[in-house]
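Residue numbers (UniProt numbering): 1 to 189.
From the three backbone atoms N, C-alpha and C, an ideal C-beta is built for every residue, glycine too.
What follows is a set of notes on a single structure, which appears directly below.
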């Protein structure tokens, strides 16, 4: 790009340990294809991913759990919309469940993890879907995506405030009584 930073995203499927990775596709900004797959069988060989999430009040609007009339759990929100879109493009299915202790995951004094992080480490889940803070400790045990939400982008989520402007805005600098005193002093001085 012109003065911009190049972006290259590689989709890999990890089977086994960290040393046994297989590259399945590459995506580049501006390319005609949504995703250039090198090995479609590597992607389609695993059709259902287990997705773990945490449900807290702070998760709205990212992940929201609702229960329909039949008693089934349904999940909605920004993260779910993003996951749906990615699953349609890549062609996979997923099952969402809530972490057993419904926590993000902290390390205890013995170095053991809990919550969503533990589910990922124990390979009970393939994807953790939440607005999780990236910490050095967590980054040592799980991989994070590039954050798509930041406080800088808050104006995207909020209605823009358009203050009314007036040619007499300077009059709001002082109260009416003060302006009256200034006027009286000016006239009688």
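Selected residue, minimal CA-CA separation from residue 51, among 68, 111, 99 and 91: As a first step, residue 51 is located in the chain shown; it is residue number 51 there, counting from the start. Comparing Cα-Cα distances from residue 51 to each of 68, 111, 99 and 91, the minimum goes to 99.
Residue 153, DSSP secondary structure in three states: The sequence position of residue 153 within the chain shown is 153, counting from 1. Per-residue confidence for residue 153 stands at a pLDDT of 47, beneath the threshold of 50, marking its modelled position as unreliable; no derived number is given.
Distance between residue 84 and residue 74 (C-alpha atoms, nearest Å): Position 74 of the chain shown, counting from 1, holds the residue named residue 74. Position 84 of the chain shown, counting from 1, holds the residue named residue 84. Each residue's Cα considered, the two are about 13 Å apart.
Identified DSSP bridge partners for residue 130: Looking up residue 130 in the chain shown gives position 130. Looking at the DSSP assignment, residue 130 forms no beta bridge with any residue, so it has no partner.
Residue 74 - DSSP class collapsed to helix/strand/coil: Within the chain shown, numbered from 1, the residue matching residue 74 stands at position 74. Strand.
Separation of residue 67 from residue 126, as counted between CA atoms: Your numbering for residue 126 matches position 126 in the chain shown. Your numbering for residue 67 matches position 67 in the chain shown. Going by the C-alpha atoms only, they are around 24 Å apart.
Beta-ladder partner(s) of residue 93, from DSSP: For the purposes of this step, residue 93 is identified with residue 93 of the chain shown, where counting begins at 1. Bridge partners of residue 93: 48.
Stretch-stretch touch, CB-based, cutoff 8 Å, three pairs: the segment 110–118 with the segment 80–97: no
Residue burial classification, residue 171 (beta-carbon count within 10 angstroms, cutoff 16): As a working note, residue 171 is residue 171 in the chain shown. Looking at its Cβ environment, which holds fewer than 16 other Cβ atoms inside 10 Å, residue 171 is exposed.
Start and end residues, beta strand (DSSP E) containing residue 66: As a first step, residue 66 must be located in the chain shown, where it is residue number 66. First-last of the beta strand (DSSP E) with residue 66: 64–67.
For residue 121, the three-state DSSP class (helix, strand or coil): Locating residue 121 in the chain shown gives position 121, counting from the first residue. Of the three classes helix, strand and coil, the one that applies to residue 121 here is helix, per DSSP.
Nearest candidate by alpha-carbon position, reference residue 94, set 142, 129, 72 and 144: Here residue 94 refers to the residue found at position 94 of the chain shown. It is 129.
Backbone secondary structure at residue 142 - three-state DSSP: By 1-based counting over the chain shown, the position of residue 142 is 142. Looking at residue 142 - three-state DSSP - the assignment turns out to be coil, as it is neither helix nor strand.
Exposure label - residue 79; buried when at least 16 CB within 10 Å: Here residue 79 corresponds to residue number 79 of the chain shown, with the count starting at 1. Residue 79 is buried by the Cβ-count criterion.
Start-to-end residues for the alpha helix (DSSP H) that takes in residue 188: The residue labelled residue 188 in the question sits at position 188 within the chain shown. Its alpha helix (DSSP H) spans residues 176–188.
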